[in-house]
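Asker:
2 protein chains.
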Amino acid sequence: MKSVNVYIPGTVSNVGSGFDVMGFAMGGVGEKMRVSLIDGNEIRLVDESGYNLPMVAASNTGAVALQSFRKALNITQGFEIVFETKIKPGSGLGSSASSAVGAVFGANELMGSPFTRKELIYFAMDGEEVASGSRHADNVAPAMLGSFVLIRSLNPFDVVQIPAPESLFCTVVHPQIEVKTSEARSLLPKQIPLKDAIQQWGNTAALIAGLYQSDFGLIGRSMTDLVAVPVRCRFIPNYELAVERAMAAGAIGFSISGSGPSMFAFSDSLETAQKVADAVAEVFTAQGIERQSYVGRIDPTGVKLQ
Amino acid sequence: MKSVNVYIPGTVSNVGSGFDVMGFAMGGVGEKMRVSLIDGNEIRLVDESGYNLPMVAASNTGAVALQSFRKALNITQGFEIVFETKIKPGSGLGSSASSAVGAVFGANELMGSPFTRKELIYFAMDGEEVASGSRHADNVAPAMLGSFVLIRSLNPFDVVQIPAPESLFCTVVHPQIEVKTSEARSLLPKQIPLKDAIQQWGNTAALIAGLYQSDFGLIGRSMTDLVAVPVRCRFIPNYELAVERAMAAGAIGFSISGSGPSMFAFSDSLETAQKVADAVAEVFTAQGIERQSYVGRIDPTGVKLQ
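Chains A and B, in that order, are what the protein sequence lines are. Its first residue numbered 35, the first sequence is counted upward by one per residue in our numbering. Its first residue numbered 35, the second sequence is counted upward by one per residue in our numbering.
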């Protein structure tokens, strides 16, 4: 049985002012799966992760992405996906995207790499759609490509990899409160003031410039999101205090990961990133809310064989 | 009489998707002035340009900017500004900004450079405000710094210089039709759909990435403006035909300069930029509309001594 072992990094989407168009891959947190060619035409799912993943092919993001991959190649080749370790579902680190990315990346390797990484994003998006109910690439694209990724357009499909400063570190804190992505999304305004929109694209553009120039001050100043964060922060008790504590601990910038409730911060050293994690975690511990923290560099490569 | 001779490049503001936050300085078209220290406290204006510039200090952008500069230094030193050659007013190349930039840059040199270029932008904006009725930096900042400039925020003041690919050429065509900036501005929507706003900041961010990566295809794809161009193109007869002819002649991208009626295009060679100029000019000539064309590289340095 021909197999590959695949590692997929966790991802953070939105990145403040990059709402709905950006994401990045995070080092130090990811998941592992084994993808194998099997006889027959089945897509067989094996869950060793301990998280009770959806094991019906139609609702498993990896299986749906893999089915899309098979269709594009016009093949019925059977595959087995063993989910060995998983990013915690709901942790704000793109766990549904990572399964989709790992499955198609592994299958592509086993089939002799008929597709490029960018092409594989398209299949992974089909999987992501099952989990999130909307077609978007701001987790799957960075999980596939690594570093920061800008999704300029889905149709036509146009994604751009943006370099990450080497000494940029990230903290993610996941408080154990439930936020329904669909609810978080339904509260977004349908229209926004032009004045705010202009400020937001000034920030998005400056965030990209900050990443190219490794200008940490500029990165921090440019992260302000006028659209989603003001709505979504209401679901996170004492969000403003968390921001304040993170900045006091030395963070460059702070925002919500995806639709929340996870939050992320950038720092210029591992030590500061850890201090930020502790300071933010304390805000939730003090409220009796369980939380996990993750600290790491930006992952430069994305999904890879192990 | 201590004097300096100053050259100020023409500028294009907005840059498509960079509406209200970007501008660039253009090589091959600019203006010259001589700034001198004089006895007394007068700001004396001498017009040798042939364009009948406003010679009353309160309505001359150079004099207003210079007054703002004097106030910041708390001095009453007299200056003379001789406008030797001018960018044609109304040409869409930032002629009011260039006078303001030249005046404060020259005066700063004569006073021993108490201010940085970025600081001088602030005084030049005071001058620009007199001419345009609104406080903005998307012409004065690139005229001062050169290359592309992103204005992330006016308050606090935060501008970022963005590198220009060496082989990026620009065409500007100015058809002789009158568009009132205030009217062009009043027609802008007060609110825009969130969906459009997201697409616009995806484009603005990608335009910045395209400039850093010298990716001409990405620059061209990212220039689409969903906000101002759809409104302002109505004032330019056969705008769509001009776009079509420019692209057919090999342009990378095409948009309106500032609030119009001038248009600009990017190309990857001087030869193509000239072809684009001819193709666009022909659209207006065929309608009996006079036009001027300008072709050049991006100016890398901004205002300078001669």
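Just so it is clear, CB atoms sit at the ideal spot from N, CA and C, and this is done for glycine as well. Quick caveat, the model's predicted, so the values are computed rather than measured.
1. Restricting to Cα atoms, I'd like to know which of B:R279, B:E274, B:A262 is closest to L228 of chain A.
2. With DSSP as the reference, label P43 of chain B as helix, strand or coil.
3. Under the DSSP definition of a beta bridge, which residues are partnered with R78 of chain B?
4. Determine the burial state of A99 of chain A: buried for a count of at least 16 other Cβ atoms within 10 Å of its Cβ, exposed for fewer.
5. Might you give, ordered along the chain, the residues of its own chain that have their beta carbon closer than 6 angstroms to the beta carbon of I290 of chain B, omitting 5 neighbours on each side?
6. With DSSP run on the structure shown, which of helix, strand or coil describes F103 of chain A?
7. Please state whether DSSP places D192 of chain B in a helix, a strand or coil.
8. Along the chain, where does the beta strand (DSSP E) containing A141 of chain B start, and where does it finish?
9. Alpha carbon to alpha carbon, what distance is there between E305 of chain B and A283 of chain B?
10. Go ahead and label D160 of chain A buried or exposed: buried means 16 or more other beta carbons lie within 10 angstroms of its beta carbon, across all protein chains shown.
11. Taking the DSSP output, what are the residues bridged to M67 of chain B?
12. So, does the CB of F53 of chain A fall closer than 8 angstroms to a CB anywhere in chain D?
13. Does the beta carbon of L270 of chain A come closer than 8 angstroms to any beta carbon on chain B?
14. At a CB distance below 8 angstroms, what residues from the region 294–327 of chain A approach chain B? Give them in sequence order.
15. Please report the Cβ distance between A198 of chain B and F288 of chain B, rounded to the nearest whole angstrom; I am assuming they are in contact, meaning their Cβ atoms lie under 8 angstroms.
16. Leaving out five residues on either side along the sequence, give the residues of the same chain with a beta carbon under 6 angstroms from the beta carbon of A285 of chain B.
17. Please classify A158 of chain A: does DSSP put it in a helix, a strand, or coil?
18. Between which two residues does the beta strand (DSSP E) carrying M257 of chain B extend?
19. Going by CA-CA distance only, name the one from A:A106, A:I211, A:D73, A:V116 that's closest to A91 of chain A.
20. Identify which residue in B:G140, B:G292, B:V69, B:V207 has its Cα closest to the Cα of E217 of chain B.
21. Within 10 angstroms of its Cβ, does P295 of chain B collect 16 or more other Cβ (buried), or is it exposed?
22. Run down chain B in chain order and give the residues with a C-beta less than 9 angstroms from the C-beta of V263 of chain A.
23. Bridge partners for T205 of chain B per DSSP, in chain order?
24. Does the CB of E237 of chain A have a neighbour CB from chain B at under 8 angstroms?
25. Let me see if you follow: with CB-CB separation under 8 angstroms, is L252 of chain A close to chain B or not?
26. D192 of chain B touches chain A at which residues, Cβ-Cβ below 7 angstroms?
27. At what residues does the alpha helix (DSSP H) containing F269 of chain B begin and finish?
28. So is I332 of chain B in contact with chain A if we call contact Cβ pairs under 8 angstroms?
29. For chain A, find out if any of its Cβ atoms is closer than 8 angstroms to the Cβ of Y246 of chain B; answer yes or no.
30. Below 7 angstroms, is the gap between the Cβ of M281 of chain A and the nearest heavy atom of the ligand ADP?
31. In the DSSP assignment, what residue or residues form a beta bridge with M56 of chain A?
32. What does L179 of chain B reach in chain A if we use C-beta pairs closer than 7 angstroms?
33. Tell me S166 of chain B's beta-bridge partners as DSSP assigns them.
34. With a Cβ-Cβ cutoff of 8 angstroms, do A141 of chain B and F113 of chain B count as a contact?
35. Helix, strand or coil for S293 of chain B per DSSP?
36. Within the same chain, show all residues whose beta-carbon is closer than 7 angstroms to that of T258 of chain A, passing over the 5 residues directly before and after it, in chain order.
Answerer: To lay it out plainly:
1. Looking up residue 228 of chain A in the first sequence gives position 194. Comparing Cα-Cα distances from L228 of chain A to each of B:R279, B:E274, B:A262, the minimum goes to B:A262.
2. Translated into the one-based positions of the second sequence, residue 43 of chain B becomes position 9. Residue state for P43 of chain B is assigned as strand, using DSSP reduced to three classes.
3. Counted from its first residue, the second sequence places residue 78 of chain B at position 44. Bridge partners of R78 of chain B: B:E114.
4. Position 65 of the first sequence holds residue 99 of chain A. When all chains shown are included, A99 of chain A counts as buried.
5. For the purposes of this step, residue 290 of chain B is identified with residue 256 of the second sequence, where counting begins at 1. For I290 of chain B, where only same-chain residues beyond five positions count, the Cβ hits under 6 angstroms are V263, R266, M297.
6. The residue labelled residue 103 of chain A in the question sits at position 69 within the first sequence. Of the three classes helix, strand and coil, the one that applies to F103 of chain A here is helix, per DSSP.
7. As a working mapping, residue 192 of chain B is identified with position 158 in the second sequence. Of the three classes helix, strand and coil, the one that applies to D192 of chain B here is strand, per DSSP.
8. Along the second sequence, read from residue 1 onward, the residue named residue 141 of chain B stands at position 107. Taken as a continuous stretch (DSSP letters only), A141 of chain B belongs to no beta strand (DSSP E), being part of the alpha helix (DSSP H) at 129–144.
9. In the second sequence, the residue the question calls residue 283 of chain B occupies position 249. In the second sequence, the residue the question calls residue 305 of chain B occupies position 271. Distance from the CA of A283 of chain B to the CA of E305 of chain B, rounded to the nearest whole angstrom, comes to 10 angstroms.
10. As a first step, residue 160 of chain A is located in the first sequence; it is residue number 126 there, counting from the start. Per the 10 Å Cβ criterion, buried.
11. Residue 67 of chain B sits at position 33 when you count from the first residue of the second sequence. Residue pairing by DSSP puts M67 of chain B in a beta bridge opposite B:V40, B:F117.
12. No chain D appears in this structure, whose protein chains are A and B.
13. The sequence position of residue 270 of chain A within the first sequence is 236, counting from 1. A small correction: the amino acid at residue 270 of chain A is Ile; Leu does not occupy that position in the sequence shown. Closer than 8 angstroms: no.
14. Against chain B - using a Cβ distance shorter than 8 angstroms - the region 294–327 of chain A contributes no residues.
15. Numbered from its first residue, the second sequence carries residue 198 of chain B at position 164. Numbered from its first residue, the second sequence carries residue 288 of chain B at position 254. Incorrect: roughly 17 angstroms between the Cβ atoms, too far for contact.
16. Taking the second sequence and counting its residues from 1, one reaches residue 285 of chain B at position 251. Shown here for A285 of chain B: same chain residues with a beta carbon closer than 6 angstroms to its own, the five before and five after excluded, namely A299, S301, V310 in chain order.
17. Here residue 158 of chain A refers to the residue found at position 124 of the first sequence. Reduced to three states, the DSSP call for A158 of chain A is helix.
18. Taking the second sequence and counting its residues from 1, one reaches residue 257 of chain B at position 223. Segment: none, M257 of chain B is in no beta strand (DSSP E) and carries neither H nor E.
19. Taking the first sequence and counting its residues from 1, the one referred to as residue 91 of chain A is at position 57. Between A91 of chain A and the set A:A106, A:I211, A:D73, A:V116, the nearest pair of CA atoms involves A:V116.
20. Your numbering for residue 217 of chain B matches position 183 in the second sequence. Nearest C-alpha to E217 of chain B: B:G292.
21. Along the second sequence, read from residue 1 onward, the residue named residue 295 of chain B stands at position 261. By the 10 Å Cβ count, P295 of chain B comes out buried.
22. Here residue 263 of chain A refers to the residue found at position 229 of the first sequence. Within 9 angstroms Cβ-Cβ: nothing; V263 of chain A doesn't reach chain B, min ~14 angstroms.
23. Here the question's residue 205 of chain B lines up with position 171 in the second sequence. As computed with DSSP, T205 of chain B is found in a beta bridge with B:A299, B:V329.
24. Residue 237 of chain A sits at position 203 when you count from the first residue of the first sequence. In the sequence as presented, Glu is not what sits at residue 237 of chain A; that position holds Asn. It does: the Cβ of N237 of chain A has a partner Cβ on chain B nearer than 8 angstroms.
25. On the first sequence, position 218 is the one that residue 252 of chain A refers to. Using beta-carbon distances, L252 of chain A counts as an interface residue toward chain B, with a partner under 8 angstroms.
26. Looking up residue 192 of chain B in the second sequence gives position 158. Using a Cβ-Cβ cut-off of 7 angstroms, D192 of chain B is close to R255 of chain A, given in chain order.
27. Stepping through the second sequence from its first residue, residue 269 of chain B is reached at position 235. F269 of chain B -> no alpha helix (DSSP H), and no H or E assigned at all.
28. Counting from 1 along the second sequence, the entry for residue 332 of chain B is found at position 298. Not an interface residue.
29. By one-based count along the second sequence, residue 246 of chain B stands at place 212. True, the Cβ-Cβ gap to chain A drops below 8 angstroms.
30. The ligand ADP is absent from the structure shown, which contains no ligand whatsoever.
31. Position 22 of the first sequence, counting from 1, holds the residue named residue 56 of chain A. In the DSSP assignment, the residues bridged to M56 of chain A are A:L184.
32. By 1-based counting over the second sequence, the position of residue 179 of chain B is 145. Per Cβ cutoff of 7 angstroms: no residues; L179 of chain B is ~13 angstroms from chain A at best.
33. Taking the first residue of the second sequence as 1, we reach residue 166 of chain B at position 132. Beta-bridge pairing links S166 of chain B to no other residue.
34. Walking along the second sequence from the start, residue 141 of chain B turns up at place 107. Walking along the second sequence from the start, residue 113 of chain B turns up at place 79. When the beta-carbon positions are compared, A141 of chain B and F113 of chain B come within less than 8 angstroms of each other.
35. Along the second sequence, read from residue 1 onward, the residue named residue 293 of chain B stands at position 259. DSSP, reduced to helix, strand and coil, places S293 of chain B outside both helices and strands of the structure shown, so it counts as coil.
36. Numbered from 1 along the first sequence, position 224 holds the residue referred to as residue 258 of chain A. Same-chain partners within the cutoff: G50, S51, N237.
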